[in-house]
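Peer 1: Residue numbers (the numbering used here): 27 to 641. Virtual Cβ for every residue (Gly too), placed ideally from N, Cα, C. Nothing here was measured: the structure is a model prediction, and the numbers come from that model. The structure under discussion is supplied below as structure tokens; questions concerning it will follow.
What follows is the structure, given as structure tokens:
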């Protein structure tokens, strides 16, 4: 059941699409409400730390909703409220459905599903005709593995979390079959991470391996499994590098050799998993004194290496990090050795946005508008590519404190579950979920993994599963308590409806317009306006339909309504200027065009305009 739950989030584009994730949220809150109303849920009394995690998520959702009072876009902030409530529902459902007798099976299901998704990702490269194309924001990037999430860095994050899970799980599993499966799938996860060519995944894998080994009860086994899985992954990666068509995603030439190498790599990992079991390596224990000495020695070596090589490498690395250009190369893996990119500029803009409004921020989901106006490059982005910095920019100090509280609560739950584990299987399940969450923290700090729904569900879902390890007997909830909870569930579900319906109607309108059915396009656009009257996108779509039909005055009125709801969105001003130009209002068009340019001066439409105008 847990595996199916996670696959339902992962396979449809990682549930990134607003329609998918909000449909799921409605179902989750409906199940919670009905289950509590009829007395089927919760199955166990949540522990104090589980309530702390749920409370932190609820507080974060509440402050996100409060930002509607000052947000630059009520539509986008409402969508973020719905997102957080969706995550709250996931954790709440897990905590309500599981108990101390079922949580390990659920953790195993999550881990198995995570590893299977990595295998499917690799399969999409080897047999691309059987899978959707690798596309992100309408841009096909064949050489970077994106399936099933539509984003290569999400694949890298997921794969690095899966590696941590597989190592921890296999190091504690007593069943030979499950042990072999857990470690045997890790080379596939390693290959998926490699094919994503995600630099963050390298750091994620390092954190995951260290966490899985350090937190495991069977550290020697975990270390040997890491070596075996690395060897298996290396065999597969070398085969991919020898098949340029596979490495670049341009064809399937060399697929037979790659499949053979994958089989060998998996066999190596399976052999190591069974070998450590048969040799009784699990029983080997390192004394605390030796463990401390090894830890101190390792830290000392890192410090010494940093002191020796840091002054030599740091200036070059800093200079490269601030370079927005990643040098192209025939080998797509060459980017793994570079630090160039636009992260520095995204993060700098987020810090500047925070300085402008340190207490409130600009409102959840609105960083794009600040970037458009103040960003250093012409990149189109919606997120700051850092969970912490984005919350600083959009929700100020309170938002940062609350999201850190959510993350800290999850870590505390996972750490408590691991620390209180008596049985080896319990320690393995808790270690797997904790190691994966630590990897998630790294990934979310350098990319928009919070918005990658499936990745966050894997992380928070693991915390929710571990929280049920700390649950107690069946709770007694009075009728008024159940009634209040059902009301909360109903409200949380209703929050999802306006954006869901408006998005569906807008897409229907766009399809009808492309098909040449203007009346139907207008009707569905009007339905979108009715569904979410505070949404600028609904008015924008209806304005586009009206403009296409030649009803310029009505179109201008709708674009003005969109501007009233999102005054810092340059696109609405630009569309209004276009309609005014078409209707001969040149002075007004010039004014609104200049306003659009002020809001996004580096947009391509303004950069290239002089060439098209003959200037």
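What first and last residue would you give for the alpha helix (DSSP H) that runs through residue 96?
Peer 2: Where residue 96 is concerned, there is no enclosing alpha helix (DSSP H), given that its DSSP letter is neither H nor E.
Peer 1: Does the stretch 470-480 come close enough to the stretch 33-49 to have 3 or more Cβ pairs within less than 8 Å?
Peer 2: By the C-beta criterion, the stretch 470-480 is judged to be in contact with the stretch 33-49, since at least 3 inter-stretch pairs fall below 8 Å.
Peer 1: In this structure, how does DSSP classify residue 71 when only helix, strand and coil are distinguished?
Peer 2: strand
Peer 1: Can you tell me whether DSSP reads residue 408 as helix, strand or coil?
Peer 2: coil
Peer 1: Three-state secondary structure (DSSP) at residue 498?
Peer 2: strand
Peer 1: Tell me which residues share the same chain as residue 603 and place their Cβ nearer than 7 Å to its Cβ, disregarding the 5 neighbours each side in the sequence.
Peer 2: 615, 618, 619, 622
Peer 1: Assign residue 117 to one of three DSSP states: helix, strand, or coil.
Peer 2: helix
Peer 1: Does residue 174 come out as helix, strand or coil in the three-state DSSP assignment?
Peer 2: Here residue 174 sits in coil by DSSP.
Peer 1: Under three-state DSSP, which class holds residue 223?
Peer 2: coil
Peer 1: Quick check: the Cα distance between residue 420 and residue 348, rounded to an integer number of angstroms?
Peer 2: 24 Å
Peer 1: Suppose contacts are defined by Cβ-Cβ distances below 8 Å. Is residue 179 in contact with residue 226 by that definition?
Peer 2: For residue 179 and residue 226, yes; Cβs fall inside 8 Å.
Peer 1: Taking one C-beta from the stretch 62-73 and one from the stretch 497-505 each time, how about it: are there three or more such pairs within less than 8 Å?
Peer 2: yes
Peer 1: Contact between the stretch 279-298 and the stretch 226-235: three or more CB pairs below 8 Å?
Peer 2: no
Peer 1: Rounded to whole angstroms, what is the Cα-Cα separation between residue 305 and residue 256?
Peer 2: 20 Å
Peer 1: Is the stretch 456-475 in contact with the stretch 81-91, if contact means three or more CB pairs nearer than 8 Å?
Peer 2: No: fewer than three Cβ pairs fall under 8 Å.
Peer 1: On the three-state DSSP scale, how would you describe residue 47?
Peer 2: helix
Peer 1: Please list, in chain order, all residues of the same chain as residue 79 whose beta carbon is under 7 Å from its beta carbon, the five residues on each side excluded.
Peer 2: 117, 435, 436, 439, 489, 493
Peer 1: Rank 557, 552, 561 by C-alpha distance to the C-alpha of residue 568 and give the top, closest one.
Peer 2: Closest by alpha carbon: 552.
Peer 1: Give me, in chain order, the residues of the same chain whose beta-carbon lies closer than 6 Å to that of residue 379; leave out the 5 immediate sequence neighbours on both sides.
Peer 2: 396, 419
Peer 1: Whole angstroms are fine: how far does the CA of residue 392 sit from the CA of residue 119?
Peer 2: 29 Å
Peer 1: For residue 506, count the other beta carbons within 10 Å of its own beta carbon; 16 or more makes it buried, fewer makes it exposed. Which is it?
Peer 2: exposed
Peer 1: For residue 524, count neighbouring C-beta atoms within 10 Å of its own C-beta (all shown protein chains included) and say buried if the count is 16 or more, exposed if not.
Peer 2: Burial is judged here by how many other beta carbons sit within 10 angstroms of a residue's own beta carbon; residue 524 has at least 16 and is buried.
Peer 1: Within this structure, are the beta carbons of residue 63 and residue 108 separated by less than 8 Å?
Peer 2: no
Peer 1: Using DSSP with H/G/I as helix, E/B as strand and the rest coil, what is residue 231?
Peer 2: helix
Peer 1: Given that a residue counts as buried once 16 or more other Cβ atoms are within 10 Å of its Cβ, and exposed if not, what is residue 211?
Peer 2: buried
Peer 1: Just verifying my parser: in three-state terms, what is the DSSP assignment at residue 89?
Peer 2: helix
Peer 1: Span of the alpha helix (DSSP H) holding residue 547?
Peer 2: Residue 547 -> alpha helix (DSSP H) spans 544-557.
Peer 1: I need the DSSP call for residue 244, collapsed to helix, strand or coil.
Peer 2: Here residue 244 carries a coil assignment [DSSP, helix/strand/coil].
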